[in-house]
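Chemist: One structure, pasted below without further comment.
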Amino acid sequence: MFAFLLSLVGCAPSNKAGGSIEDSIRQLTSEDESYLNTKRAVFTRDSPDDVRARFKNALLGKGNMSLADDLEAIGVVFGDLIANDSPMTWVTVEFEGERMFAMTYPKTSVVLFPIAMIDKRARKGEVIDLPTLVSDTIATVERSIQNPEYQR
1 MFAFLLSLVG CAPSNKAGGS IEDSIRQLTS EDESYLNTKR AVFTRDSPDD
51 VRARFKNALL GKGNMSLADD LEAIGVVFGD LIANDSPMTW VTVEFEGERM
101 FAMTYPKTSV VLFPIAMIDK RARKGEVIDL PTLVSDTIAT VERSIQNPEY
151 QR
């Protein structure tokens, strides 16, 4: 777990343009907030049984939502759970020509990509236990920020 998380939590590595990820971090725009809210709505507008059925259908290639849409929604909720239990906040990162949602820890260079973390686990067929993943992720981040290399 720790090695995988460190691949997603970084001390401002360089991007292809030669700058650091830290240089390409931006606060969320109102459009970004709206997009995240649309993803959150997947879980607030439907009953848990409907969400499970839709996710199962997406896994089987049925239904009107793609697996990628559902995984992204789960990733947003995962990030929100981290934000509820830590000082991490949502941002966007431009990296290798792609704009991604990420989270940062204040006054550090720690960058976390919750949507990618969920997507990678699901595509590998791993069971995603969100409460455990949230607490393990926060614990790993808390240990990481003690390293002076991550301090700003």
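Taken in order, the sequence shown gives residues 1 to 152; the numbers are from UniProt numbering. Positions of the beta carbon are idealized from the N, C-alpha and C atoms, including for glycine.
#1: Buried or exposed: which applies to Asp70, given that a residue is buried once 16 or more other Cβ atoms fall within 10 Å of its Cβ?
#2: Closer than 7 Å by C-beta to Leu81: which residues in its own chain qualify, once you throw out the five before and the five after it? Chain order, please.
#3: Between Phe101 and Pro48, what straight-line distance do the alpha-carbon atoms span, to the nearest angstrom?
#4: Roughly how many angstroms lie between the CA atoms of Ala73 and Pro114, to the nearest whole one?
#5: Please check the pair Thr92 and Arg99, which I expect to be a contact at CB under 8 Å, by giving their CB distance rounded to whole angstroms.
#6: Terminal residues of the continuous beta strand (DSSP E) containing Thr92?
#7: Have a look at Ala83 and Pro106 and give me their C-alpha separation to the nearest angstrom.
#8: What is the residue span of the beta strand (DSSP E) that Phe113 lies within?
#9: Are there 16 or more other CB atoms within 10 angstroms of the CB of Ser24, so buried, or fewer, so exposed?
#10: Tell me which residues share the same chain as Ile138 and place their Cβ nearer than 7 Å to its Cβ, disregarding the 5 neighbours each side in the sequence.
#11: First and last residue of the alpha helix (DSSP H) that includes Thr137?
#12: Would you mind working out which of Ala68, Glu94 and Ala41 sits nearest Arg123, comparing C-alpha positions?
#13: Buried or exposed for Arg52, going by 16 or more other Cβ atoms inside 10 Å?
#14: Among the candidates Gln27, Val76 and Ser30, whose CA atom is the shortest distance from the CA of Val42?
Modeler: According to the data block:
#1: As a working mapping, residue 70 is identified with position 70 in the sequence shown. Asp70 comes out buried.
#2: Taking the first residue of the sequence shown as 1, we reach residue 81 at position 81. Leu130 and Val134, listed in sequence order.
#3: As a first step, residue 101 must be located in the sequence shown, where it is residue number 101. As a first step, residue 48 must be located in the sequence shown, where it is residue number 48. Distance between the alpha carbons of Phe101 and Pro48 is about 25 Å.
#4: Counted from its first residue, the sequence shown places residue 73 at position 73. Counted from its first residue, the sequence shown places residue 114 at position 114. So the alpha carbons of these two residues sit roughly 10 Å apart.
#5: Here residue 92 refers to the residue found at position 92 of the sequence shown. Here residue 99 refers to the residue found at position 99 of the sequence shown. Rounded, the Cβ-Cβ distance is 6 Å, consistent with contact.
#6: Within the sequence shown, residue 92 is the residue found at index 92, counting from 1. Taken as a continuous stretch (DSSP letters only), the beta strand (DSSP E) holding Thr92 covers Thr89 to Phe95.
#7: To locate residue 83, count along the sequence shown from 1; it is residue 83. To locate residue 106, count along the sequence shown from 1; it is residue 106. C-alpha separation (whole angstroms): 12 Å.
#8: On the sequence shown, position 113 is the one that residue 113 refers to. Element bounds for Phe113: n/a, residue is neither H nor E.
#9: For this step, residue 24 is matched to residue 24 along the sequence shown. When all chains shown are included, Ser24 counts as buried.
#10: On the sequence shown, position 138 is the one that residue 138 refers to. Counting only Cβ-Cβ distances below 7 Å, and skipping sequence neighbours, we find Ile82, Asp85 and Ser86.
#11: Working through the sequence shown from its first residue, we reach residue 137 at position 137. That run of the alpha helix (DSSP H) goes Leu130 to Ser144.
#12: What you label residue 123 is simply residue 123 of the sequence shown in a count that begins at 1. Nearest of Ala68, Glu94 and Ala41 to Arg123, Cα basis: Ala68.
#13: Here residue 52 refers to the residue found at position 52 when the sequence shown is read from its first residue. Result: exposed.
#14: On the sequence shown, residue 42 is found 42 positions in, with the first residue counted as 1. Ranking Gln27, Val76 and Ser30 by Cα distance to Val42 puts Val76 first.
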